[in-house]
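**Q** Here you go, one structure.
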Amino acid sequence: MQAASIGGSCQVEIGNRPASVSYAGQVFAGEFQFNLTVPSQLQNGDQPITATYNSTSTQPVALLPVHN
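Just so you know, we're using my numbering here: the sequence shown kicks off at 1 and counts up by one.
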């Protein structure tokens, strides 16, 4: 399977701040890749990360460690 953009509306938030998404696509069956820019104004520490695609969101349990 070749990687393919998922199209539609995809938003990612890290620490309740929007991240800039440059690519969102499926790379393998059931596996998706998101290329994004982490917001620069985040505090150090574990920040919650959520993705929303066409009004469906990931569960808010994933954390992204941030260190500036």
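Don't be surprised by glycine CBs; every beta carbon is placed ideally from N, CA and C.
Closest by CA to residue 63, which one among 32, 16, 11 and 23?
**A** Residue 63 has its Cα closest to that of 16, out of 32, 16, 11 and 23.
**Q** Less than 8 Å between the CB atoms is what I'm expecting for residue 37 and residue 24, so what's the real figure, rounded?
**A** Not confirmed; about 13 Å, so no contact.
**Q** Alpha carbon to alpha carbon, how far is residue 9 from residue 54? Give it in angstroms, no decimals.
**A** Answer to the nearest angstrom: the Cα atoms are 6 Å apart.
**Q** Whole angstroms is fine: what's the gap from residue 42's alpha carbon to residue 28's?
**A** Looking at the two C-alpha atoms, the distance is approximately 31 Å.
**Q** Would you say residue 11 and residue 52 are within 9 Å of each other, going by their C-beta atoms?
**A** Their beta carbons are under 9 Å apart, which means residue 11 touches residue 52 by this criterion.
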